[in-house]
Amino acid sequence: MTPTLSHVQAVAFDLDGTLCDSVPDLAAAAEAMREHLGLEALPAKVVESYVGDGIGTLVHRVITNDRDIPADQAVWEKGFIFFMQYYREHLSDFTRPYPETEAGLGLLKSLGIPLVVITNKTEILAVELLKQLGLADYFSLILGGDSLPEKKPSPLPLIHAAEVLGIDHANMLMVGDSKNDILAAKAAGCLSVGVTFGYGDMTLLSQDKATKPDWLIGKLPEIYENLQPQKEQDEA
Numbered sequence: 001m002t003p004t005l006s007h008v009q010a011v012a013f014d015l016d017g018t019l020c021d022s023v024p025d026l027a028a029a030a031e032a033m034r035e036h037l038g039l040e041a042l043p044a045k046v047v048e049s050y051v052g053d054g055i056g057t058l059v060h061r062v063i064t065n066d067r068d069i070p071a072d073q074a075v076w077e078k079g080f081i082f083f084m085q086y087y088r089e090h091l092s093d094f095t096r097p098y099p100e101t102e103a104g105l106g107l108l109k110s111l112g113i114p115l116v117v118i119t120n121k122t123e124i125l126a127v128e129l130l131k132q133l134g135l136a137d138y139f140s141l142i143l144g145g146d147s148l149p150e151k152k153p154s155p156l157p158l159i160h161a162a163e164v165l166g167i168d169h170a171n172m173l174m175v176g177d178s179k180n181d182i183l184a185a186k187a188a189g190c191l192s193v194g195v196t197f198g199y200g201d202m203t204l205l206s207q208d209k210a211t212k213p214d215w216l217i218g219k220l221p222e223i224y225e226n227l228q229p230q231k232e233q234d235e236a
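Quick note, the sequence shown lines up with residues 1 to 236 if you use the UniProt record's numbering.
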């Protein structure tokens, strides 16, 4: 079901699992790091299940092969330094935008709506990856997990983005694939849009009222298709 989209003044996007499929390069970095630490490789699907809470947390999970058990601090520091160096050198070897990502962003830009990225990925890596993918110029603002004192699921990045853009955060959409995106949107009073092609299980998330997105989409141009009538009505 498509909600009533009225007075949408900005659209915020998650990065990994929403704009692009970055798991191949994250998994390669994880494999190289585990080899560096003398550990056996993990399947890419396992690494995918650990993505979403920032690289620091990802490194803990990849070292211990557990979502909740932190790694020994000295081992984590050694692994984190190696992971960051390796990943920065291989950001977009295999990472690609999802089909119709660029088309969807272009359509939204044609409506004059500012677009932002709000990711838990380190800001410097997010900016560089978007540049390498040729997507950076679509966005007025790029916020990483280390840009502010708090990251998603905190509403702070969304509220901050709305303030920077000079709009009411209630008039901003948050588009993402994970629980963190939906929780942050709800806490900020934004409309939450879940993508069905990312890493999160939107069917499962939709079963819980706390993580149920307001709207599900299978491709980014669907946002434009539902904003276009609003734009035409506003200009009438």
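The C-beta atom is built at its ideal place from N, Cα and C for all residues, glycine as well.
Alpha carbon of residue i to alpha carbon of residue j, nearest angstrom
{"i": "residue 24", "j": "residue 72", "result": "26 Å"}
{"i": "residue 85", "j": "residue 177", "result": "27 Å"}
{"i": "residue 203", "j": "residue 63", "result": "29 Å"}
{"i": "residue 123", "j": "residue 35", "result": "26 Å"}
{"i": "residue 52", "j": "residue 61", "result": "11 Å"}
{"i": "residue 88", "j": "residue 19", "result": "19 Å"}
{"i": "residue 131", "j": "residue 215", "result": "29 Å"}
{"i": "residue 163", "j": "residue 127", "result": "20 Å"}
{"i": "residue 217", "j": "residue 194", "result": "6 Å"}
{"i": "residue 171", "j": "residue 117", "result": "16 Å"}
{"i": "residue 125", "j": "residue 91", "result": "8 Å"}
{"i": "residue 135", "j": "residue 77", "result": "31 Å"}
{"i": "residue 175", "j": "residue 70", "result": "29 Å"}
{"i": "residue 39", "j": "residue 161", "result": "40 Å"}
{"i": "residue 209", "j": "residue 46", "result": "27 Å"}
{"i": "residue 57", "j": "residue 207", "result": "26 Å"}
{"i": "residue 1", "j": "residue 81", "result": "Because the pLDDT of residue 1 is 46, which lies under 50, any placement of that residue in the model is unreliable, and the question is left without a value."}
{"i": "residue 167", "j": "residue 181", "result": "19 Å"}
DSSP bridge partner residues for residue i (one or two, in chain order)
{"i": "residue 215", "result": "193"}
{"i": "residue 96", "result": "21"}
{"i": "residue 142", "result": "117"}
{"i": "residue 175", "result": "13, 193"}
Residues of its chain near residue i, where Cβ-Cβ distance is below 8 Å and the 5 sequence neighbours each way are ignored
{"i": "residue 113", "result": "8, 9, 10, 11, 227"}
{"i": "residue 121", "result": "15, 16, 54, 55, 129, 144, 145"}
{"i": "residue 44", "result": "23, 24, 27"}
{"i": "residue 103", "result": "220, 221"}
{"i": "residue 42", "result": "27, 30, 31, 34, 62, 65"}
{"i": "residue 106", "result": "138"}
{"i": "residue 111", "result": "224, 227, 228, 231"}
{"i": "residue 96", "result": "20, 21, 133"}
{"i": "residue 67", "result": "49, 50, 61"}
C-beta contact flag for residue i and residue j at 8 Å
{"i": "residue 141", "j": "residue 148", "result": "no"}
{"i": "residue 94", "j": "residue 59", "result": "no"}
{"i": "residue 138", "j": "residue 109", "result": "yes"}
{"i": "residue 219", "j": "residue 100", "result": "yes"}
{"i": "residue 115", "j": "residue 13", "result": "yes"}
{"i": "residue 191", "j": "residue 165", "result": "no"}
{"i": "residue 98", "j": "residue 201", "result": "no"}
{"i": "residue 153", "j": "residue 183", "result": "yes"}
{"i": "residue 196", "j": "residue 205", "result": "no"}
Cut-off 6 Å between Cβ atoms - residues of its own chain near residue i, not counting five sequence neighbours on either side
{"i": "residue 159", "result": "169, 188"}
{"i": "residue 48", "result": "23, 199"}
{"i": "residue 37", "result": "79"}
{"i": "residue 151", "result": "120, 145"}
Own chain partners of residue i with C-beta closer than 7 Å, once the 5 adjacent residues on each side are dropped
{"i": "residue 75", "result": "37, 63"}
Going residue by residue through the stretch 12-92, where are the continuous alpha helix (DSSP H) segments of at least 4 residues, counting only ones entirely within it? 23-36, 44-50, 55-64, 73-89
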